[in-house]
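**Student:**
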Amino acid sequence: MVVAIIGLAAGAVVLSVPNPKPAVAAEAERFAARLVRAREEAILGNRPVAVEATARGYAFSTFDGAEWTPLADGPFGPETWTEGSTVSPSDTPVRVVFDPSGVADPATLTLARDGRSRRIAVDGAGEVRIDG
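330 is the number of the first residue of the sequence shown in this note's numbering; add one for each residue after it.
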């Protein structure tokens, strides 16, 4: 009886431990939320903000009128994709630049892992959308 109770308790602990690798949907939502925040920063800061996503991760930068400088404050620190994630297109970086009015050049990125994928798209008005 004691062994059965210990087995049930151990099973409950194992099932309640969260997966350290977030689902691709959660990672796509986090990336999309940071894109929205970059758009807001461009509007509120009255300066262009760029997001460049590569096969390894993504980073933010801002244009001060002369050159692009990396952003690292708050939610704008560089991020790497979760291990096992693939990004397409993977051969060239996807760069989204939000201008001070919030508009952007359209761009699309697909994030995939473990047989699941999410497409993150930014349209010309700067709106961010996730398609699954």
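For glycine and all other residues, C-beta sits at the position ideal for the given N, C-alpha and C. Treat the numbers as computed from the prediction; the structure is a model and nothing was measured.
From this set, VAL425, THR383, ASN375, which residue's C-alpha is nearest THR411's C-alpha?
**Tutor:** With distances taken between Cα atoms, THR411 lies closest to THR383.
**Student:** Measure the CB-CB distance between ARG447 and GLU381 and report whether it falls below 8 Å.
**Tutor:** no
**Student:** Count Cβ pairs between the region 442-461 and the region 386-405 that sit closer than 8 Å; are there 3 or more?
**Tutor:** no
**Student:** Within a Cβ cutoff of 6 Å, which residues of the same chain sit near ILE372, ignoring the five residues on either side of it in sequence?
**Tutor:** For ILE372, where only same-chain residues beyond five positions count, the Cβ hits under 6 Å are GLY431.
**Student:** Look up ALA367 in the DSSP assignment and say whether it is helix, strand or coil.
**Tutor:** ALA367 falls in the helix class under three-state DSSP.
**Student:** For THR409 versus ALA441, is the C-beta spacing smaller than 8 Å?
**Tutor:** no
**Student:** Since PRO404 and ARG445 are thought to touch, with beta carbons under 8 Å apart, how far apart are those beta carbons, to the nearest angstrom?
**Tutor:** That pair is no contact at about 25 Å.
**Student:** Flag this pair as yes or no: are the beta carbons of ALA361 and ILE459 separated by less than 8 Å?
**Tutor:** yes
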